[in-house]
Structure formats: C-alpha cells, structure tokens
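Enquirer: Shown below is the structure under consideration.
Number of protein chains: 2
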Amino acid sequence: MKTTKIVSTLLLVSSFVCADALVEKVKKSGIKAIPQSQHELLTIIDDKKDPITSEKVELGKKLYFDPRLSRSNLISCNTCHNLALGGADGISAAIGHKWTANPHHLNSPTVYNSVFFDAQFWDGRSAHLADQAQGPVQAGPEMASPKELVEQRVNSIPAYVEEFKKAYGDKVDVNFERITSTIAIFEKTLVTPSRFDQFLNGNANALTKAEKKGLNTFIDKGCASCHNGIALGGTLQPFEIAAKYKFSEVGDFKGNANGMVKTPTLRNITETGPYFHNGAIWSLTEAVKEMGSVQLGINISDKEAGEIVTFLNSLTGEKPTITYPILPASTDKTPKPSFD
Amino acid sequence: MKTTKIVSTLLLVSSFVCADALVEKVKKSGIKAIPQSQHELLTIIDDKKDPITSEKVELGKKLYFDPRLSRSNLISCNTCHNLALGGADGISAAIGHKWTANPHHLNSPTVYNSVFFDAQFWDGRSAHLADQAQGPVQAGPEMASPKELVEQRVNSIPAYVEEFKKAYGDKVDVNFERITSTIAIFEKTLVTPSRFDQFLNGNANALTKAEKKGLNTFIDKGCASCHNGIALGGTLQPFEIAAKYKFSEVGDFKGNANGMVKTPTLRNITETGPYFHNGAIWSLTEAVKEMGSVQLGINISDKEAGEIVTFLNSLTGEKPTITYPILPASTDKTPKPSFD
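In structure tokens form, the structure reads like this:
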C-alpha cells in the first residue's frame, strides 16, 4: 500500500517534470498558446483604428450569415466557412455561384483562429481579414457580387443601415469596404482555445499521456518548423521542399510568385478535412505522412503518424456560442437575386 | 383640462369596445391565436407516440443545419428554409443540387409555424412534417441524397449515433425515417407568436390603430375565407376561383389532382417574399391585390391593399432563439460528397 503510494507520487512528480520539459520544448519550437486573458488577446487581435465592439460583432455576424450578400441570395460566408463544421465546408474544392468549383481546385480554409494568421488565402495575398473578406464576395465562382450590388442590397434594408449607424456613428458610409471590414471584426472573435492551451498554460493534466507523447513526436519530427505561432500555421512557407506532393496535379495552384504557400492552422484540424490546398487527402494520418515526405523529407511511420494525430485531437477547441441571427427583411428596393 | 380628460377616457373606452368587437369578428372568421400556454400549445403540436423532448429537439436542430445530409455536403434544410430569413430563401423558385431550379418553379415555403398546417407541400401531399422532411432530402434538384446515403453518413459519425441513443434509447435504429422525423420534431418548435396573438389574447393595445383598421379590411374583404386557423393558412383550397392568376404561366404547377393548393401562412409574410407558389410577385401589396382578383373576384384598391399590408406587419413574430450548432466531425467512414 505504502509502496504503491510512493510509486504513484513519483510517477506524478515525473509526469509533472516531463510536462514542464515538454512545455518548454513546445515554446522553443515557436508554438504559442491562445492568451488566456481577454486583455492580452485583444492586444493581438484588436485594431485601435477600428476597435472591436459588441455592435460591430453582432452586425458582422449578421452579414457573415446573410446569403443576400451573394448575387443569387443563396451563398453566405458561412456556406464555405461553416461555423458548424469547424469553420470550413468539408469538400475538396470550394463550390459557389452556378455550382462552379474553385478554378484552381482550392480547398476552403477554416475561419476559426484565422485572426492569428500572418496572411490570408492559400497564397497569402491578403494581409488581414478585412481585405480577405472582399475577395470571395466578389469572386465569380464564389458569391459573384459586384461591390455595387452588395452596397445596394445592404443600403436598401433600413434596419441594416441603422445598425451601421449604431456601430460607427450617424455619418457612416455603408460602402463595400465598411461592410466587409465589419464581417472581419466578427471573424476576429472566432477564437477556439483548447486543452492544448490549458497544457501550455500550466495544466499538466490537460493532455492525456498519449497526447503528450504525440506532441513530443510532432516536435521531434520537425512539424513545428512550419506549424508554429498561436495558430500552429498561418505563415507563408515554401512548399514541396523535399519531394513532390503526390496529388500535385490536382488543380494548378503553385503558391505565390515565389512558390510560397500559407501553412494551414492545425487548430480544429480533425474537423476540417479534406486536407492540403487542393483537399485531395481525406485521412489526417495520410496527410501527416505526406507532409513528412513533401516538407521534411522524412518517412513518418504509421505508428508515429498515429501518435501525432492523437496529439492533434487536443487542438480541437471550444467554439464561441453563436446565436443564429434573425436578419432584417428585404424591401421593395432591394435588388433581386440573379442566377446567371 | 377636465374636458380633455373626459374625452381621452371616452376615446380609450371606445377603443377598447372596438377592439373587443374586432377580436370577436376575427375569431368568427376562423382565425386563431397561437396558444399562450406551453401546455395548450403542446396539445396541438405534440404527438404522444413520439413526444417532443429537449434531446430530440437539439439533435433535430443539428440535422436541420447539417449540409452533410445532402449528396454534395453543401445543402441543408436551412439552405431553402433559412431560419435567419423568415424560414424561407428569398428567391422565386428553390435552387438545389447542381444549381437546379425546382422543375415546377415552386417557391420554398417558410418552415416557421408549419406545424400548424393541415398539409405540407404546395399540393398538400404530405400530412405532416415528418413525412414532408423526407421529400427535399431525396429530391434530385434539392439535396439529392438517397435514403441509404443519409443513413450511412449519420451512422458513420459516432457522436450522432450517441445522440440518437440518448434521445430514443439504446436500441434505436438510426434509419432515414428516424432521422427525418427527428428533424420534424425540431421544426415543430419553430413557432413565432406575434403582436397579433397578444391582441387576440386580450391586449387591445398590441396593435396600432392602423393595424386594427387593416385587420378589419382584411376580414371584410374575405381574405380569412382561406387564410384562417392558427397559421392564417396551411389548408388546401381551390385556386383561381374567380380569375386566372396573372403569372399562371410561370412554371407548370396546377395544384393537386383536384386543383387544390395549400394556402401559405401569413405569419411572417413580410419576411418571406417573393409570393405565390411560383414566387413571381415580389411586392406584398401587389400580392394582396392579385389575391383579391384571383380568389375573391374583387378589386382591392391600392389604399385597401396598403391597409391590409399594414395589418400583415403585425404577424411578424418573435423567433425562437437558436444557438447555431457545432456538428460532430465526419470520420474516415463517412461517405464522401459528390457533385454530379
């Protein structure tokens, strides 16, 4: 009995020591926790020139869910970045207006934690969410709405205009840029802390033994050389460093002008398959192995990939509670949808 | 001063008397309020053989919002019956799988208060919501999912199976009929009491003077001969009684075998345009005038139509607060989406 107690105590101590060492190792790799305090979080995500307020968030949420921002009245931001489905759409290549697939066969990235990315889009061509939000709304194969149409739709609905005034003052110009930057403010709040953050913040028991082992393997294999920062991703990195991606021929995406590709976040990765920029890999284990080969030039065994996937489960975070909005009704002045 | 007081009192009394008389008139027309008490409401909407429980409602909500019930993973019940948009989609004819419009050019009716309908679908071919829900999921131009696909998708997700067990017991067979009847249980809760109900329930001031006047015109013109019951609609009625509908040629819908058409509910009608079975009329005033001509054989003047529309505004009800669901993730066993 006594012996058992001593052994348990030793194991507990040893587990704490291990955990501490592992946390240090993780931090050295460049991975960071989502800040626990609201204040600290705001220093990262807020913009003093256009601060986050509850009025803007509520309005941005409505616009995010409003399919009337699309030409057809059928597609909202949430169609491809579905907050019920890990912030993505669960298909290989995005499908939008007229059932058109993304011409480069690009997969919709998750919107959750995208505020922590250095750059937006797979080629990182947008520096921030407010700029990013302008793209899909206008893109022909996505929401297919010219700026003017979006402005006319929103301005034709007095309750929307009223909400813009409440959020930005009576003199607000409800233009396309304002509409999309308001959506971005809502998106900034889509942050999902997980057990992994609790672990980094000192709760050694927040991860299971198997998850800690997987985390250790993740670091040892070098995954954090690209998957780092708060998002464990979201920075531009070279792609196909060591070998050609086995589904390289699906779509024609080759990164930005320098061949750089935005690393996807690993937060909520278990919910955001299929994987890779062209969504050609459906199994997370297979994705991990392929990444090892393509980016690190190593063979990750089935056992090691399984360990890493076990760790990745701990990155599934708690989603903000979202009350589904009731949108203000269209009026006789609201431009009609079109489907061509 | 004294005179003013007496006059005010008299006016107040007279307004109460008028309101009472108007309530009597409304009740005589066959229009009913949404019951105020939960118990009374349940006697209408609940089914003792499959009673409403919070577990079933929560699960039904998830399924209602889950686009993985569709062949493509892109279309959910909420796509066409959008709870943010009055329970409808704001387009003339429903558009579904492969961007296909409803082949009969039929407009998506609202799901709100549909539990009060005598029959479902424009031709009333379904007796209740559980039967109705089976249609669009399978229909080629809508969600295009064979029964077996829906069953495989749901059963491949352990968290869903677990929720079915919690709702129906461990021996539950998670088959297509159970999945769709669970959706229907969620839909039963989509009831939207409005100021009009408060008025019928004795609050004479719940409607403005103009709304009362409009209500009076509504009854006097005979609108309640079809738009009655709790839903102010939802029963099968002959169509084109007095004249041909001016957009009769849009689509080929001619009602059921006997030419009967389900009367749309007028609850939330200001939010559910465009109007008529083929969604060919966008203006509510125009819809009211056309109804007078087609169904009642009368000319409703612009002024009268305006009065009626003023009343119809009071039927915009309070929507249940819906927390947007977080859906359980797909697994390696979940059948992949297809787009053909």
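Line order of the protein sequences matches chains A and B.
Letter 143 of the first sequence, counting from 1, is numbered 143 in UniProt numbering, and no numbers are missing.
Letter 193 of the second sequence, counting from 1, is numbered 193 in UniProt numbering, and no numbers are missing.
Cβ coordinates follow ideal geometry from the N, Cα and C atoms, glycine included.
(1) Since GLY96(A) and PRO141(A) are thought to touch, with beta carbons under 8 Å apart, how far apart are those beta carbons, to the nearest angstrom?
(2) Hey, would you say MET260(A) sits closer than 8 Å to GLN237(A), going by beta carbons?
(3) Look at the alpha carbon of ASP332(A) and the alpha carbon of SER314(B), and state the distance between them as a whole number of angstroms.
(4) Which residues of chain A have a Cβ atom closer than 9 Å to the Cβ of ARG68(B), listed in chain order?
(5) Counting C-beta neighbours from all protein chains within 10 Å, is the total for VAL154(A) 16 or more, i.e. buried, or is it exposed?
(6) Any chance you could list the beta strand (DSSP E) runs of at least 3 consecutive residues sitting entirely within the UniProt domain "Cytochrome c" (55-165) of chain A, in chain order?
(7) Using the Cβ count rule (16 or more neighbours within 10 Å means buried), how would you classify GLY297(B)?
(8) Measuring alpha carbon to alpha carbon, tell me which residue in ILE44(B), ALA84(B) and PRO67(B) is nearest THR321(B).
(9) Starting from the beta carbon of PRO35(A), find every residue of chain B whose beta carbon is closer than 7 Å, and list them in chain order.
(10) Quick one: list the residues of chain B neighbouring ALA167(A), beta-carbon separation under 7 Å, in chain order.
(11) Whole angstroms are fine: how far does the CA of ALA133(A) sit from the CA of PHE176(A)?
(12) List the DSSP bridge partners of LYS262(A).
(13) Classify ILE241(A) as buried or exposed, calling it buried when 16 or more other Cβ atoms lie within 10 Å of its own Cβ.
(14) For the alpha helix (DSSP H) containing LYS303(A), list its first residue and its last residue.
(15) When you check each C-beta in the stretch 178-207 of chain B against every C-beta of chain A, which residues fall closer than 9 Å?
(16) By the DSSP assignment, the alpha helix (DSSP H) with LYS221(B) in it spans what residues?
(17) Give a yes or no on whether the minimum CB-CB distance between GLY273(B) and chain A is below 8 Å.
(18) Along chain B, in chain order, which residues have C-beta atoms closer than 9 Å to that of SER283(A)?
(19) Verify the contact flag: PHE218(A), CB atom, against every heavy atom of the ligand FAD, threshold strictly below 7 Å.
(20) Across the stretch 185-202 of chain B and the stretch 145-163 of chain B, are there enough close Cβ pairs to call them in contact, namely three or more that are closer than 8 Å?
(21) By DSSP, does TYR324(B) sit in helix, in strand, or in coil?
(22) Looking at the C-beta of TYR324(B), does it have a partner C-beta in chain A at a distance below 8 Å?
(23) Under DSSP, the alpha helix (DSSP H) around ARG195(A) begins and ends at which residues?
(24) Are PHE247(B) and ALA224(B) closer than 8 Å when you measure CB to CB?
(25) Consider the Cβ of ILE157(A): report whether some Cβ of chain B lies at a distance smaller than 8 Å.
(26) Given THR263(A), which residues of its chain have a CB within under 8 Å of its CB, disregarding the five upstream and five downstream residues?
(27) Measure from the alpha carbon of VAL172(A) to the alpha carbon of each residue in LYS188(A), PHE186(A) and GLU151(A), then state which is nearest.
(28) Beta-carbon within less than 8 Å of PRO335(A)'s beta-carbon, same chain only, minus the 5 sequence neighbours each way: which residues are those?
(29) From the DSSP output, which residues share a beta bridge with ILE31(A)?
(30) By the DSSP assignment, the alpha helix (DSSP H) with ALA224(A) in it spans what residues?
(31) Assuming contact is defined by CB atoms lying nearer than 8 Å, are HIS105(A) and GLY251(A) in contact in what I supplied?
(32) Report yes or no: is there a C-beta of chain B within less than 8 Å of the C-beta of THR321(A)?
(33) Counting only Cβ pairs nearer than 7 Å, list the residues of chain A close to LEU327(B).
(34) Is there a Cβ from chain A that is less than 8 Å from the Cβ of LYS98(B)?
(35) Pick helix, strand or coil for TYR275(B), following the three-state DSSP scheme.
(36) Use the C-beta contact count for GLN120(B): other C-beta atoms within 10 angstroms, 16 or more gives buried, fewer gives exposed.
Expert: Put simply:
(1) In the first sequence, the residue the question calls residue 96(A) occupies position 96. In the first sequence, the residue the question calls residue 141(A) occupies position 141. With a Cβ gap of about 5 Å, GLY96(A) and PRO141(A) count as contacting.
(2) In the first sequence, the residue the question calls residue 260(A) occupies position 260. In the first sequence, the residue the question calls residue 237(A) occupies position 237. Cβ distance < 8 Å, so MET260(A) and GLN237(A) count as in contact.
(3) Within the first sequence, the letter at position 332 stands for residue 332(A). Within the second sequence, the letter at position 314 stands for residue 314(B). Taking the straight line joining both Cα atoms gives about 18 Å.
(4) Walking along the second sequence from the start, residue 68(B) turns up at place 68. LEU85 and GLY90, listed in chain order.
(5) As a working note, residue 154(A) is residue 154 in the first sequence. Classification for VAL154(A): buried.
(6) none
(7) For the purposes of this step, residue 297(B) is identified with residue 297 of the second sequence, where counting begins at 1. It is exposed - the Cβ of GLY297(B) has fewer than 16 other Cβ atoms within 10 Å.
(8) Along the second sequence, one-based indexing puts residue 321(B) at 321. Comparing Cα positions, the closest option is ALA84(B).
(9) Along the first sequence, one-based indexing puts residue 35(A) at 35. Within chain B, no residue comes near PRO35(A); the closest Cβ sits about 22 Å away, beyond 7 Å.
(10) Against the first sequence, residue 167(A) aligns to sequence position 167. Near ALA167(A) there are no residues of chain B at all, since even the closest Cβ is about 19 Å away, more than 7 Å.
(11) One-based indexing of the first sequence puts residue 176(A) at position 176. One-based indexing of the first sequence puts residue 133(A) at position 133. If you take the alpha carbons of PHE176(A) and ALA133(A), they lie about 10 Å apart.
(12) Within the first sequence, residue 262(A) is the residue found at index 262, counting from 1. In DSSP, LYS262(A) forms a bridge with LEU236(A).
(13) One-based indexing of the first sequence puts residue 241(A) at position 241. Exposed, because fewer than 16 other Cβ atoms sit within 10 Å of the Cβ of ILE241(A).
(14) Residue numbering aside, residue 303(A) sits at position 303 when the first sequence is read from its first letter. Its alpha helix (DSSP H) spans residues 302-312.
(15) none
(16) In the second sequence, residue 221(B) corresponds to position 221, counting from 1. Where LYS221(B) is concerned, the enclosing alpha helix (DSSP H) stretches over 209-221.
(17) Residue 273(B) sits at position 273 when you count from the first residue of the second sequence. It does; some Cβ of chain A falls within 8 Å.
(18) On the first sequence, position 283 is the one that residue 283(A) refers to. Simply ASP332.
(19) Questions concerning the ligand FAD fall outside what the structure shown contains, since it holds no ligand whatsoever.
(20) no
(21) On the second sequence, residue 324(B) is found 324 positions in, with the first residue counted as 1. Residue state, collapsed to three classes: coil.
(22) Position 324 of the second sequence, counted from the start, is the residue given in the question as residue 324(B). Cβ-Cβ to chain A under 8 Å: yes for TYR324(B).
(23) Within the first sequence, numbered from 1, the residue matching residue 195(A) stands at position 195. Unbroken alpha helix (DSSP H) run through ARG195(A): 195-200.
(24) Here residue 247(B) refers to the residue found at position 247 of the second sequence. Here residue 224(B) refers to the residue found at position 224 of the second sequence. Cβ atoms of PHE247(B) and ALA224(B): not closer than 8 Å.
(25) By one-based count along the first sequence, residue 157(A) stands at place 157. No, no contact with chain B.
(26) In the first sequence, the residue the question calls residue 263(A) occupies position 263. Cβ within range, chain order: CYS226, HIS227, GLY233, GLY234, THR235, LEU236 and GLN237.
(27) For this step, residue 172(A) is matched to residue 172 along the first sequence. Comparing Cα positions, the closest option is GLU151(A).
(28) As a position in the first sequence, residue 335(A) is number 335, starting the count at 1. Taken in chain order, the residues that qualify are LEU149, GLN152, ARG153 and SER156.
(29) Taking the first sequence and counting its residues from 1, the one referred to as residue 31(A) is at position 31. In DSSP, ILE31(A) forms a bridge with GLY229(A).
(30) As a working note, residue 224(A) is residue 224 in the first sequence. It is not in any alpha helix (DSSP H) - ALA224(A) carries neither H nor E in the DSSP assignment.
(31) Position 105 of the first sequence, counted from the start, is the residue given in the question as residue 105(A). Position 251 of the first sequence, counted from the start, is the residue given in the question as residue 251(A). Taking 8 Å as the Cβ cut-off, HIS105(A) and GLY251(A) qualify as a contacting pair.
(32) For the purposes of this step, residue 321(A) is identified with residue 321 of the first sequence, where counting begins at 1. Yes, THR321(A) lies at the interface with chain B (some Cβ there is under 8 Å from its Cβ).
(33) In the second sequence, the residue the question calls residue 327(B) occupies position 327. Within 7 Å Cβ-Cβ: ALA84 and LEU85.
(34) The residue given as residue 98(B) occupies position 98 in the second sequence. Cβ-Cβ to chain A under 8 Å: yes for LYS98(B).
(35) As a working mapping, residue 275(B) is identified with position 275 in the second sequence. Here TYR275(B) sits in strand by DSSP.
(36) Counting from 1 along the second sequence, the entry for residue 120(B) is found at position 120. That one is buried.
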